[in-house]
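Quick notes on the structure that follows.
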Amino acid sequence: MSHYFRSNIRAMSGYAPGEQPRDGDFIKLNTNENPYPPSPKVYAALRQSIAASLRLYPPPMSESLCAAAAAAYGVKAENVLAGNGSDELLAIVMRCFVDAGQRVAYPVPTYSLYDTLVEIQAAVPVGVPFPEDFSVPEQLARQDAPLTILCNPNAPSGTLVALPKIVELARSVAGILVVDEAYVDFAASEGASALPLIYQLPNLIVLRTLSKSFSLAGMRVGLAFASAELIAGMNKVRDSYNLDRLSIAAGSAALGDMAWMQRNAARIQRSRQQLAAGLKRLGYQVYPSHTNFILARQRDKNLQPVYEELKRRKILVRYFDAPGLRDCLRITVGTPKEVRALLTELATISA
Ligand SMILES: Cc1ncc(COP(=O)(O)O)c(C=O)c1O
1 MSHYFRSNIR
11 AMSGYAPGEQ
21 PRDGDFIKLN
31 TNENPYPPSP
41 KVYAALRQSI
51 AASLRLYPPP
61 MSESLCAAAA
71 AAYGVKAENV
81 LAGNGSDELL
91 AIVMRCFVDA
101 GQRVAYPVPT
111 YSLYDTLVEI
121 QAAVPVGVPF
131 PEDFSVPEQL
141 ARQDAPLTIL
151 CNPNAPSGTL
161 VALPKIVELA
171 RSVAGILVVD
181 EAYVDFAASE
191 GASALPLIYQ
201 LPNLIVLRTL
211 SKSFSLAGMR
221 VGLAFASAEL
231 IAGMNKVRDS
241 YNLDRLSIAA
251 GSAALGDMAW
261 MQRNAARIQR
271 SRQQLAAGLK
281 RLGYQVYPSH
291 TNFILARQRD
301 KNLQPVYEEL
311 KRRKILVRYF
321 DAPGLRDCLR
331 ITVGTPKEVR
341 ALLTELATIS
351 A
């Protein structure tokens with residue numbers, strides 16, 4: 001790679017997103033997209049925005065989206081920052097709170113973009129291994145890191161940490177605690193979100209995305225919730241027009257139709273039970289999932305051949321060529337028909 005790049009950029013390999021195949025005849029269970037469409041209100045809002053002037057820059061603060069988020073989640077608009085997906089918000093967090101050479105701590109395995117963002121920042125990734133049951137590692141709070149990230153529910157395990165543990169963590173870490181709640185709308189229990197805690201924990205930032213439960217991965221809308229002071233500081237770091245007009249319109253409309261999202265999340269929870277039961281029947285170990293995917297394991301067997309064979313049969317799941325995950329497949333919960341198709345094929349492929 002060209003010597004013009006900073007050394008940390010030269011050294012890193014970059015984030016590897018899940019495959020997005022061009023031809024459409026795959027059953028796509030690899031990137032945790034929602035199998036159901038977004039609310040009809042989203043399409044109506046998009047049509048209206050296209051009719052309005054695209055010639056003009058969008059509102060820089062995404063005010064209507066932040067107001068919709070504030071109303072939907074019972075907070076004030078000053079506690080909300082909108083991002084171009086929650087990936088952008090993670091990048092903003094990194095740039096706000098972490099200097100080159102400083103430590104960023106998170107339990108692993110988790111969302112691998114954290115590693116990439118730390119590398120871009122020339123910071124030090126401190127991956128603290130999860131225990132076998134994916135509870136919060138004892139050592140996590142003791143890393144003396146200006147930023148700690150907890151993906152909750154976690155990807156790729158799908159497991160959930162209960163709120164009292166998050167309060168304890170926020171109170172004991174040295175700096176900011178980010179709770180990445182990309183999947184929390186699929187949690188099996190009510191009250192899983194740390195969002196209400198932003199008023200009592202001044203170092204807490206809760207991240208949400210509309211990509212999963214609201215079926216808007218294609219629009220790129222993420223939300224950060226925190227104290228007004230943290231949000232104001234993070235606002236200085238984002239791009240001036242970080243969301244386009246269409247994303248603002250789509251996101252606002254989606255948040256205005258919570259019932260639609262909740263109905264789809266409930267359907268996915270039902271299909272998740274069907275998928276978990278089927279996988280167990282086939283001899284897979286299945287972690288209790290609070291997300292729209294399931295981590296399925298065949299202890300100590302490399303599952304890459306199973307992934308490859310499923311792909312040959314036009315079903316895409318996620319295989320991670322990473323320590324501790326090579327005997328696993330991460331399978332997005334699709335429609336009941338997609339789940340049936342996956343289980344039927346899997347039954348004829350031996351690990
Ligand atoms: C844990 C986690 N956080 C954040 C994201 C990014 O979401 P967005 O589409 O809002 O950038 C993902 C996407 O897969 C994710 O798995």
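Under our numbering, read the sequence shown as residues 1 to 351, first letter to last. All C-beta atoms in this analysis are idealised placements derived from N, C-alpha and C, irrespective of residue type, glycine included.
{"Query": "Residue list, Cβ distance to ligand 1 heavy atoms smaller than 5 Å", "Result": "Gly85, Ser86, Asp87, Tyr111, Cys151, Ala155, Asp180, Ala182, Thr209, Ser211 and Gly222"}
{"Query": "For leucine 204 and alanine 187, believed in contact at Cβ under 8 Å, the rounded distance", "Result": "About 18 Å; that fails the 8 Å criterion."}
{"Query": "Test item: CB-CB of leucine 329 and arginine 312 under 8 Å", "Result": "no"}
{"Query": "Span separating the alpha-carbon of asparagine 30 from that of leucine 303", "Result": "15 Å"}
{"Query": "Inter-residue CB distance, proline 58 and leucine 325 (contact presumed, cutoff 8 Å)", "Result": "Actually they do not touch by this definition, with Cβ atoms about 39 Å apart."}
{"Query": "Residues that alanine 105 bridges to, as DSSP identifies them", "Result": "Val126 and Thr148"}
{"Query": "Reference leucine 207; option with closest CA among Ala217, Ser215 and Ala194", "Result": "Ala194"}
{"Query": "Pairwise C-alpha distance: alanine 224 and glycine 251", "Result": "14 Å"}
{"Query": "Whole-angstrom C-beta distance between threonine 116 and methionine 12, which should lie under 8 Å", "Result": "7 Å"}
{"Query": "Euclidean distance between Cα positions of serine 49 and serine 2", "Result": "42 Å"}
{"Query": "Simplified DSSP assignment, three categories, for glycine 251", "Result": "helix"}
{"Query": "Rounded C-alpha distance that separates alanine 249 from leucine 210", "Result": "13 Å"}
{"Query": "Span of the beta strand (DSSP E) around alanine 296", "Result": "293 to 297"}
{"Query": "Neighbour-count burial assignment, proline 129, 16 or more Cβ in a 10 Å radius", "Result": "exposed"}
{"Query": "Where threonine 209 sits in the DSSP three-state scheme", "Result": "strand"}
{"Query": "Candidates Arg272, Leu65, Asn32 and Glu119, of which the one nearest tyrosine 15 by Cα", "Result": "Glu119"}
{"Query": "Glutamate 222 - DSSP class collapsed to helix/strand/coil", "Result": "It is glycine, not glutamate, that sits at residue 222 in the sequence shown. Note: glycine 222 maps to strand in three-state DSSP."}
{"Query": "Buried or exposed (CB count within 10 angstroms, at least 16 for buried), serine 271", "Result": "buried"}
{"Query": "Closest by C-alpha distance to valine 104, when choosing among Leu316, Ala141 and Ala217", "Result": "Ala141"}
{"Query": "Helix, strand or coil at arginine 330 according to DSSP, with G and I counted as helix", "Result": "strand"}
{"Query": "Cβ-Cβ separation, leucine 160 to histidine 290 (assumed contact under 8 Å), whole Å", "Result": "4 Å"}
{"Query": "Close beta carbons around alanine 170, own chain, < 7 Å, minus the five adjacent residues each side", "Result": "Leu177, Leu201, Asn203 and Leu204"}
{"Query": "Residues that DSSP places opposite glutamine 285 in a beta bridge", "Result": "Arg297"}
{"Query": "Alpha-carbon to alpha-carbon, serine 135 and leucine 147", "Result": "19 Å"}
{"Query": "Where glycine 175 sits in the DSSP three-state scheme", "Result": "coil"}
{"Query": "Assigned exposure category for glycine 402 - 16 Cβ within 10 Å defines buried", "Result": "Because the chain here runs from 1 to 351, residue 402 falls outside it and cannot be looked at."}
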